[in-house]
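Quick notes on the structure that follows.
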Amino acid sequence: MYLNHFGFKEKPFSITPDPDFLYFSDQHKAALAMLEYGVLEQSGITVVTGEVGCGKTTLIRHLLRRIPYDKLTVGLISNVHTSLGSLLHWVMLALKLYEGKEEVSSLRLFSELQEFLVREYAGGRRVVLIVDEAQNIGAAALEELRMLTNINADKDELLQIVLVGQPQLLKLLEQPELAQIAQRVTAEYHLEPLNITETLAYIRHRLQVAGGPPTVRFDIQAAHVIYYFSCGVPRLINTLCDHALVVAYANNRKTVDLETALDAVRQKRIGGVERFRKRTEEAENTKQVIQAATGIDIEVAVNG
Ligand SMILES: Nc1ncnc2c1ncn2[C@@H]1O[C@H](COP(=O)(O)OP(=O)(O)OP(=O)(O)O)[C@@H](O)[C@H]1O
Ligand SMILES: [Mg+2]
Numbered sequence: 037m038y039l040n041h042f043g044f045k046e047k048p049f050s051i052t053p054d055p056d057f058l059y060f061s062d063q064h065k066a067a068l069a070m071l072e073y074g075v076l077e078q079s080g081i082t083v084v085t086g087e088v089g090c091g092k093t094t095l096i097r098h099l100l101r102r103i104p105y106d107k108l109t110v111g112l113i114s115n116v117h118t119s120l121g122s123l124l125h126w127v128m129l130a131l132k133l134y135e136g137k138e139e140v141s142s143l144r145l146f147s148e149l150q151e152f153l154v155r156e157y158a159g160g161r162r163v164v165l166i167v168d169e170a171q172n173i174g175a176a177a178l179e180e181l182r183m184l185t186n187i188n189a190d191k192d193e194l195l196q197i198v199l200v201g202q203p204q205l206l207k208l209l210e211q212p213e214l215a216q217i218a219q220r221v222t223a224e225y226h227l228e229p230l231n232i233t234e235t236l237a238y239i240r241h242r243l244q245v246a247g248g249p250p251t252v253r254f255d256i257q258a259a260h261v262i263y264y265f266s267c268g269v270p271r272l273i274n275t276l277c278d279h280a281l282v283v284a285y286a287n288n289r290k291t292v293d294l295e296t297a298l299d300a301v302r303q304k305r306i307g308g309v310e311r312f313r314k315r316t317e318e319a320e321n322t323k324q325v326i327q328a329a330t331g332i333d334i335e336v337a338v339n340g
């Protein structure tokens with residue numbers, strides 16, 4: 037495997053959301069700050085959205101490692117399929133109040149949730165529910181969530197909600213029938229893909245975390261190609277960089293150069309470059325920079 041060839045301890049560009057590899061661009065810092073605020077301070081609803089594959093789930097995993105669990109109870113819901121039971125069932129599963137084995141009526145679940153929230157409040161603990169992939173839960177489930185935030189004691193709301201999802205979540209929240217939940221959103225942040233400078237730093241960072249002596253080099257033109265074809269989307273950067281390492285390994289090379297990167301792009305069609313055609317101006321500039329330096333039009337080199 038290429039791990040030995042390059043001396044890595046682990047794969048530098050896996051596509052799992054592993055928080056050990058987090059690179060803190062200014063945007064990732066800001067998104068994390070918003071998530072922390074939503075979890076630690078905020079009452080009401082926090083919404084963090086971001087383009088597909090930009091690091092939302094990775095940030096949540098990082099956050100979950102740092103939570104003061106003596107003061108907070110946190111439930112995480114990901115991949116909700118409301119076809120497999122009501123949202124309330126998912127909430128109870130996430131808070132570990134229900135194992136999902138027996139049939140329990142929504143009414144009973146609701147009263148158990150209410151009792152739990154009051155108990156936690158009396159014990160000085162706050163309860164936060166983080167919903168990842170919230171763009172998939174649908175309008176009805178979002179409305180259900182809003183009703184759960186109405187459970188309160190004295191003047192305090194007992195359940196805080198953090199919604200994380202792809203840009204469609206914003207569209208969903210703009211629908212008139214969701215105005216009530218939209219108005220409860222008191223903190224929001226939108227995560228965009230990385231810019232060229234961040235992409236270069238991101239690649240360096242992941243190579244460093246993967247460990248081993250620095251025997252591999254991505255040259256600057258290769259990194260520019262990867263930026264151009266990924267448009268700075270971390271998951272696509274990972275896919276292309278991983279392919280580029282495989283190509284370099286196959287050619288018994290320790291450097292990823294322009295041709296290696298172009299080869300990697302040529303080989304990676306499914307779910308990769310072909311799906312991310314929303315070229316940014318900065319990506320277009322990158323293409324010009326490479327062309328000026330090498331005379332190669334990278335779009336033509338890859339697509340013919
Ligand atoms: N700031 C970052 N530092 C290091 N790796 C990152 C960063 N952002 C994203 N990644 C990596 O990119 C890949 C995709 O990230 P992740 O799954 O968190 O994206 P997502 O926004 O949750 O995507 P989706 O919209 O599909 O749910 C993962 O391998 C992740 O580790
Ligand atoms: Mg995700």
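According to my numbering, the residues represented by the sequence shown are 37 to 340, in order.
Note that the Cβ used here is the ideal one computed from N, Cα and C, for glycine as well.
The model shown is predicted, which means the values in this text are computed figures rather than measured ones.
Open item on the list: Which of the three DSSP states is assigned to LEU165 in this structure?
Closed with: Along the sequence shown, read from residue 1 onward, the residue named residue 165 stands at position 129. LEU165 falls in the strand class under three-state DSSP.
- [ ] Using only the heavy atoms of ligand 1, determine whether one of them is closer than 7 Å to the beta carbon of ASP54.
- [x] For this step, residue 54 is matched to residue 18 along the sequence shown. Correct: ASP54 has its Cβ closer than 7 Å to ligand 1.
Open item on the list: I believe ILE334 touches TYR264 by the beta-carbon criterion, under 8 Å. Please report the beta-carbon distance rounded to the nearest angstrom.
Closed with: Residue numbering aside, residue 334 sits at position 298 when the sequence shown is read from its first letter. Residue numbering aside, residue 264 sits at position 228 when the sequence shown is read from its first letter. With a Cβ gap of about 6 Å, ILE334 and TYR264 count as contacting.
Open item on the list: So within the segment 99-162, which uninterrupted alpha helix (DSSP H) runs reach at least 4 residues, ignoring any that extend past its ends?
Closed with: 123-130, 142-158
TODO: Quick one: grab the DSSP three-state call for ASP192.
DONE: Residue mapping note: residue 192 aligns to position 156 of the sequence shown, counting from 1. Looking at ASP192 - three-state DSSP - the assignment turns out to be strand.
Open item on the list: Taking the beta carbon of ARG271 as the centre, do at least 16 other beta carbons fall within 10 Å, making it buried, or is it exposed?
Closed with: Sequence index remark: in the sequence shown, residue 271 carries index 235 (1-based). Looking at its Cβ environment, which holds 16 or more other Cβ atoms inside 10 Å, ARG271 is buried.
TODO: State yes or no: is the C-beta of THR93 nearer than 7 Å to some heavy atom of ligand 2?
DONE: Locating residue 93 in the sequence shown gives position 57, where the first residue counts as 1. Yes, Cβ of THR93 sits closer than 7 Å to a heavy atom of ligand 2.
TODO: Give me the Cα-Cα distance between LEU199 and GLY86, rounded to the nearest whole angstrom.
DONE: Here residue 199 corresponds to residue number 163 of the sequence shown, with the count starting at 1. Here residue 86 corresponds to residue number 50 of the sequence shown, with the count starting at 1. One C-alpha to the other measures close to 11 Å.
Task: Three-way DSSP call (helix, strand, coil) for GLY331 in this model - done: As a first step, residue 331 must be located in the sequence shown, where it is residue number 295. In the three-state DSSP reduction, GLY331 falls in the coil class, being neither helix nor strand.
Task: Environment of GLU234 [buried if 16+ CB atoms lie within 10 Å] - done: For the purposes of this step, residue 234 is taken as the residue at position 198 of the sequence shown. It is buried - the Cβ of GLU234 has at least 16 other Cβ atoms within 10 Å.
Open item on the list: Less than 8 Å between C-beta atoms, sequence neighbours within five positions excluded: which residues of the same chain meet that for ALA130?
Closed with: Numbered from its first residue, the sequence shown carries residue 130 at position 94. Taken in chain order, the residues that qualify are GLY111, LEU112, ILE113, LEU165.
- [ ] Within the same chain, show all residues whose beta-carbon is closer than 7 Å to that of GLU193, passing over the 5 residues directly before and after it, in chain order.
- [x] The count along the sequence shown starts at 1 and reaches residue 193 at position 157. Excluding positions up to five away in sequence, the list reads SER79, THR185.
Open item on the list: Could you check whether ARG242 and VAL292 sit closer than 8 Å to each other, using their CB atoms as the reference points?
Closed with: On the sequence shown, position 256 is the one that residue 292 refers to. On the sequence shown, position 206 is the one that residue 242 refers to. No; because the gap between Cβ atoms is not below 8 Å, this pair is not in contact.
Open item on the list: Please tell me whether, using a cut-off of 7 Å, the distance from the CB of SER50 to the nearest non-hydrogen atom of ligand 1 is below it.
Closed with: Counting from 1 along the sequence shown, the entry for residue 50 is found at position 14. At least one heavy atom of ligand 1 is nearer than 7 Å to the Cβ of SER50, so yes.
Open item on the list: Assuming GLY124 and PHE152 are in contact, meaning their beta carbons sit under 8 Å apart, how far apart are those beta carbons, in whole angstroms?
Closed with: For the purposes of this step, residue 124 is identified with residue 88 of the sequence shown, where counting begins at 1. For the purposes of this step, residue 152 is identified with residue 116 of the sequence shown, where counting begins at 1. For the sequence presented, residue 124 should be read as Leu rather than Gly. Not really, about 12 Å apart at Cβ, beyond 8 Å.
Task: Proximity test, GLU169 beta-carbon vs ligand 2 heavy atom, cut-off 7 Å - done: What you label residue 169 is simply residue 133 of the sequence shown in a count that begins at 1. Checking the Cβ of GLU169 against ligand 2 gives yes.
Open item on the list: Please classify SER266 as buried or exposed, where buried requires at least 16 other C-beta atoms within 10 Å of its C-beta.
Closed with: Along the sequence shown, read from residue 1 onward, the residue named residue 266 stands at position 230. Burial state of SER266 is buried, judged by a 10 Å Cβ sphere holding 16 or more other Cβ atoms.
- [ ] Examine ligand 1 and report whether any of its heavy atoms sits within less than 7 Å of the Cβ of SER266.
- [x] Here residue 266 is taken as the residue at index 230 of the sequence shown, counted from 1. No, Cβ of SER266 sits at least 7 Å from all heavy atoms of ligand 1.
- [ ] Out of HIS279, ILE239, LEU230, point me to the one whose CA is closest to PRO250's CA.
- [x] Walking along the sequence shown from the start, residue 250 turns up at place 214. That would be ILE239, whose Cα lies nearest to the Cα of PRO250.
- [ ] Under 8 Å by Cβ, that's how I've got ALA223 and MET128 pegged, so tell me the actual separation to the nearest angstrom.
- [x] Locating residue 223 in the sequence shown gives position 187, where the first residue counts as 1. Locating residue 128 in the sequence shown gives position 92, where the first residue counts as 1. Contact flag wrong, Cβ pair sits at about 26 Å.
Open item on the list: Taking the straight line between their C-alpha atoms, what separation do you get for CYS90 and LEU227?
Closed with: Working through the sequence shown from its first residue, we reach residue 90 at position 54. Working through the sequence shown from its first residue, we reach residue 227 at position 191. Those two C-alpha atoms are separated by around 7 Å.
- [ ] With ILE217 as the anchor, note down where its alpha helix (DSSP H) starts and where it stops.
- [x] Counting from one through the sequence shown, the residue named residue 217 turns up at place 181. Looking at the DSSP string, the run of the alpha helix (DSSP H) that includes ILE217 is 215-219.
TODO: Give the DSSP-derived three-state secondary structure of LEU298 in the structure shown.
DONE: By one-based count along the sequence shown, residue 298 stands at place 262. Looking at LEU298 - three-state DSSP - the assignment turns out to be helix.
Open item on the list: If you reduce the DSSP assignment to three classes, tell me which class PHE42 lands in.
Closed with: Within the sequence shown, numbered from 1, the residue matching residue 42 stands at position 6. Helix, per DSSP.
- [ ] Look up HIS410 in the DSSP assignment and give the residues it is bridged to.
- [x] As displayed, the chain neither begins before 37 nor continues past 340, which places residue 410 out of reach and without an answer.
TODO: Could you tell me the distance, in whole angstroms, from the CA atom of GLN216 to the CA atom of GLU180?
DONE: Along the sequence shown, read from residue 1 onward, the residue named residue 216 stands at position 180. Along the sequence shown, read from residue 1 onward, the residue named residue 180 stands at position 144. Taking the straight line joining both Cα atoms gives about 11 Å.
- [ ] With a threshold of 16 other CB atoms inside 10 Å of the CB of LYS92, please say whether the residue is buried or exposed.
- [x] On the sequence shown, residue 92 is found 56 positions in, with the first residue counted as 1. Classification of LYS92: buried, given that the 10 Å Cβ count is 16 or more.
- [ ] Determine, using beta carbons only, whether ALA280 and ALA258 come nearer to each other than 8 Å.
- [x] Reading the sequence shown from its first residue, position 244 is the one you call residue 280. Reading the sequence shown from its first residue, position 222 is the one you call residue 258. A contact, by the Cβ cut-off of 8 Å.
- [ ] Please list, in chain order, all residues of the same chain as HIS41 whose beta carbon is under 6 Å from its beta carbon, the five residues on each side excluded.
- [x] Residue numbering aside, residue 41 sits at position 5 when the sequence shown is read from its first letter. TYR285, listed in sequence order.
Open item on the list: Bridge partners for PHE254 per DSSP, in chain order?
Closed with: Locating residue 254 in the sequence shown gives position 218, counting from the first residue. Bridge partners of PHE254: VAL292.
Open item on the list: Output needed for ASN172: all residues of its chain with C-beta closer than 7 Å, excluding positions within five of it in sequence on either side, in chain order.
Closed with: Stepping through the sequence shown from its first residue, residue 172 is reached at position 136. Counting only Cβ-Cβ distances below 7 Å, and skipping sequence neighbours, we find VAL116.
Task: 8 Å Cβ cutoff met for ALA297 and ILE262 - done: Here the question's residue 297 lines up with position 261 in the sequence shown. Here the question's residue 262 lines up with position 226 in the sequence shown. It is a contact, given that the beta carbons lie within the stated cut-off.
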